[in-house]
Amino acid sequence: MSDVIDSGTAQARDVDATPSDAPPRPTLEQLKERKARTRQRLETGGDIMTISMGPQHPSTHGVFQMVLDLDGEVIVDLRPEIGNLHRGVEKLCEHRTYHQIIPLTDRLDYNSAFAMNHGFCEAAEKLMGVEVPARARYIRTIAHELSRLANHILWLGVHIMDLGTQTFFVICFRDREYLLDLFEMLTGARLTHSFARIGGVAKDLPDGFEQRCRKVIEFLPKRIAEYERIVKHNRIYYKRAKDVGIFTSEDCYAWRVTGPTLRAAGVARDLRKDEPYAAYDEIDFEVAVEYNADVYDRFLVRMTEMRESCKIIRQCLDGLPDGPYVARDAAHSLPMKRDVLRDSAAMIQDFYQVFRGPQAPKGEVYRAVEVPKGEMGVYIRSEGGAKPARVRFTTPSFYHGQAMPALAVGEMVSDLVAIFASVDVVLGDSDK
Amino acid sequence: MGLIDVIKKGVFVDILRGMSVTGTYFAVDKMTVEYPKEKLQTYPRFRGVQALLADPETGEIKCVACMLCATVCPSQCISIMGEQTPEGHSRPATFDLDLSRCIFCGLCEEVCPEAAIVMTRHYELSTFDKDDFCLNKEKLLANQVYAHKELYRQPVGNVAPSGAAAGEPGGVGDRADAKEVQR
Numbered sequence: 000m001s002d003v004i005d006s007g008t009a010q011a012r013d014v015d016a017t018p019s020d021a022p023p024r025p026t027l028e029q030l031k032e033r034k035a036r037t038r039q040r041l042e043t044g045g046d047i048m049t050i051s052m053g054p055q056h057p058s059t060h061g062v063f064q065m066v067l068d069l070d071g072e073v074i075v076d077l078r079p080e081i082g083n084l085h086r087g088v089e090k091l092c093e094h095r096t097y098h099q100i101i102p103l104t105d106r107l108d109y110n111s112a113f114a115m116n117h118g119f120c121e122a123a124e125k126l127m128g129v130e131v132p133a134r135a136r137y138i139r140t141i142a143h144e145l146s147r148l149a150n151h152i153l154w155l156g157v158h159i160m161d162l163g164t165q166t167f168f169v170i171c172f173r174d175r176e177y178l179l180d181l182f183e184m185l186t187g188a189r190l191t192h193s194f195a196r197i198g199g200v201a202k203d204l205p206d207g208f209e210q211r212c213r214k215v216i217e218f219l220p221k222r223i224a225e226y227e228r229i230v231k232h233n234r235i236y237y238k239r240a241k242d243v244g245i246f247t248s249e250d251c252y253a254w255r256v257t258g259p260t261l262r263a264a265g266v267a268r269d270l271r272k273d274e275p276y277a278a279y280d281e282i283d284f285e286v287a288v289e290y291n292a293d294v295y296d297r298f299l300v301r302m303t304e305m306r307e308s309c310k311i312i313r314q315c316l317d318g319l320p321d322g323p324y325v326a327r328d329a330a331h332s333l334p335m336k337r338d339v340l341r342d343s344a345a346m347i348q349d350f351y352q353v354f355r356g357p358q359a360p361k362g363e364v365y366r367a368v369e370v371p372k373g374e375m376g377v378y379i380r381s382e383g384g385a386k387p388a389r390v391r392f393t394t395p396s397f398y399h400g401q402a403m404p405a406l407a408v409g410e411m412v413s414d415l416v417a418i419f420a421s422v423d424v425v426l427g428d429s430d431k
Numbered sequence: 000m001g002l003i004d005v006i007k008k009g010v011f012v013d014i015l016r017g018m019s020v021t022g023t024y025f026a027v028d029k030m031t032v033e034y035p036k037e038k039l040q041t042y043p044r045f046r047g048v049q050a051l052l053a054d055p056e057t058g059e060i061k062c063v064a065c066m067l068c069a070t071v072c073p074s075q076c077i078s079i080m081g082e083q084t085p086e087g088h089s090r091p092a093t094f095d096l097d098l099s100r101c102i103f104c105g106l107c108e109e110v111c112p113e114a115a116i117v118m119t120r121h122y123e124l125s126t127f128d129k130d131d132f133c134l135n136k137e138k139l140l141a142n143q144v145y146a147h148k149e150l151y152r153q154p155v156g157n158v159a160p161s162g163a164a165a166g167e168p169g170g171v172g173d174r175a176d177a178k179e180v181q182r
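Those protein sequences? They're chains A and B, same order as listed.
Under numbering that gives the first Met the number 0, the residues of the first sequence are numbered 0 to 431, in order.
Under numbering that gives the first Met the number 0, the residues of the second sequence are numbered 0 to 182, in order.
In structure tokens, the structure reads:
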């Protein structure tokens, strides 16, 4: 097993403690052999047909185009066309202050907007050396995990719908509604939250949020069990997902594929554990790992992650500290609204932050966070002043989309939708 | 196929098992609302169309034309021209907000030092006329009826909370017959 758990993880953790009835873990060699067996690379003697899948194809989850070379039903070559949704977010960031960039990051991965806000703010705080108060870190953790739940539930519904059922999609949307409801209560918007701020969050938890959040967290595990009852032991799903799209840990490193896809390949890599941010180092949770590296195991990893998210949120609500929800840092963060209305010093800080902006030192930083789809890195180069000289988002969907040739060449074209959905690509995230 | 399977097929066991799941959903509350007839009540923080608030006692606009909202707006949809009243107060002469540019991020509300510009709960903004997207000062003041009531309770300075003032929405035109659903 030691060769499956690669040394690439920053921290070796105890992953041996599995129940004895668990199926034996495949080694890397066995996985490679299985991968070679499931992929039928035909001799290119036959007629090759080139077709275009997308950009309007519903199973490409947006404007993603794949140009397929097909020999019969087997994919011989695949060329992903990325960039149809390019909006120039990185360039726009150069003309905005750090506060004004936060609404732009909502539009990267709109299914888990808070995670994107959070990643940018973590990077900006690292650049400016802002200390985030404890309450803000806990609120961020709660919102981050809520967005992970919302993203995974949406992913599940869409993934199963791609495989040909309609009802399950509606079931997932019913439960996602509870999470969007919580987000509307907490942040004021259902999708584009703009909730993280440099040094904290925009607002404190509203009245009644805790009770409502606890209620949702209590029954979501039951709903997750319901999903598993419907999907996990479903013979049709099992046959369409098992041993399809095998992507070993070696492949993941070669293509920079992260997140649930990497964890389904047996690598316990999770930035929440490896490089903790927000309140994750004070919270007890497990990293979901599976070992078969196929579509089915990616589904299992996400199910376990959703359960762990519920656990994290419950712990955060239990241990929520008091205090300010945004850092009292006049040079870098917006003041609390209630102070602005009462206190002239806070009002001066408000004017300073808007007209001059947060004063960042010269330098460059890179900070990565574990967003639901994988690792989202933010690189900021600053020449000093309120606006960054260069911002670069290394968003997971971009790498997952470009890894499609390695994932799908040799597979049947009917499995392509399952494979594409299983790595979880959102085109707003990919094209930026 | 064994005898048991034949009996199972004969009395539709699988269908009954499936229908029992369907049947349980008759007993639970339904998740959906019939949208134009019923509407979900938005939460107090919901970020709908902006409104400019007037002082409930004097009726004067609270905005002092400090330009914070116009400066912080990431999509630059607010333009303000300030003026001085004869008493020496600063007031906006014009306050234009281009809704077709607005991204509803709520930064204008957050930075306003007078709590003068607020995001309201009104979200049904489709229109047949593009000019309706250009909100001037009068239209923004008229949007006060949509403002969340809790904003009026925000203490400003050392003044005691003034209670619910102009907050209650009156007739909302053709939408008055819609029922609001509490979540």
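The beta carbon of each residue, even a glycine, is placed where N, CA and C say it ideally should be.
Name the chain B residues whose beta carbon is nearer than 8 angstroms to that of residue i?
i       : result
S193(A) : C104, G105, L106
R173(A) : M30
Buried or exposed: residue i, going by 16 or more other Cβ atoms within 10 Å of its Cβ?
i       : result
P160(B) : Residue placement at P160(B) cannot be trusted, given a pLDDT of 33 that sits under 50; the coordinates are not used to answer.
D321(A) : exposed
Q153(B) : No answer about Q153(B) holds up, because its pLDDT of 47 lies below 50 and its placement is not dependable.
V27(B)  : exposed
P102(A) : buried
P25(A)  : buried
Y34(B)  : exposed
P23(A)  : exposed
A11(A)  : Any answer about A11(A) is weak, because its pLDDT of 36 lies below 50 and its placement is not dependable; what the coordinates show is given next. Classification of A11(A): exposed, given that the 10 Å Cβ count is below 16.
Y279(A) : buried
P91(B)  : buried
P259(A) : buried
M305(A) : buried
Please state the DSSP three-state secondary structure of residue i.
i       : result
V63(B)  : coil
E37(B)  : strand
G22(B)  : helix
I79(B)  : strand
I282(A) : coil
G9(B)   : helix
G1(B)   : coil
D273(A) : helix
I223(A) : helix
D130(B) : helix
Q113(A) : Looking at the sequence provided, one finds Phe at residue 113(A) rather than Gln. DSSP places F113(A) in helix when its eight states are reduced to three.
D97(B)  : strand
V200(A) : strand
T140(A) : helix
I47(A)  : coil
Q29(A)  : helix
S413(A) : helix
P55(B)  : coil
I102(B) : coil
S89(B)  : strand
I245(A) : coil
Q210(A) : helix
V32(B)  : coil
With a threshold of 6 angstroms, establish whether the CB of residue i neighbours any heavy atom of the ligand MG.
i      : result
T31(B) : Because no ligand of any kind appears in the structure shown, any question about the ligand MG cannot be addressed here.
Answer yes or no: do residue i and residue j have a C-beta to C-beta separation smaller than 7 angstroms?
i       : j       : result
I418(A) : A402(A) : no
G118(A) : Y324(A) : no
G1(B)   : Y122(B) : no
H399(A) : V370(A) : no
D174(A) : A420(A) : no
Q348(A) : P334(A) : yes
L270(A) : Y137(A) : no
Y109(A) : L185(A) : no
I216(A) : C309(A) : yes
S429(A) : F392(A) : no
A146(B) : V110(B) : no
By the criterion of Cβ-Cβ separation under 9 angstroms, what are the contact partners of residue i in chain A?
i       : result
A114(B) : K336, V339, L340
L67(B)  : D349, F350, V353, F354
Taking residue i as the query, report the chain B residues whose CB atoms sit under 9 angstroms from its CB, ordered along the chain.
i       : result
H331(A) : Chain B residues near H331(A): none, gap ~15 angstroms exceeds 9 angstroms.
G327(A) : Note that residue 327(A) is Arg in the sequence shown here, rather than Gly. By Cβ distance, chain B contributes nothing, its closest Cβ being about 16 angstroms from R327(A), past 9 angstroms.
Applying a beta-carbon distance threshold of less than 7 angstroms, which residues of chain A neighbour residue i?
i       : result
E137(B) : Near E137(B) there are no residues of chain A at all, since even the closest Cβ is about 26 angstroms away, more than 7 angstroms.
Give the interface partners of residue i over in chain A, defined as CB-CB distance under 8 angstroms, in chain order.
i       : result
E109(B) : A201, L333, K336
Which runs of the alpha helix (DSSP H) spanning at least 4 residues fall entirely within the segment 149–186 of chain A, listed in chain order?
166–186
Restricting to runs no shorter than 3 residues, where is the beta strand (DSSP E) found entirely within the segment 319–398 of chain A?
359–370, 373–384, 389–393
Mind listing, in chain order, the continuous alpha helix (DSSP H) runs of no fewer than 4 residues lying wholly within the segment 62–131 of chain A?
88–92, 97–105, 112–127
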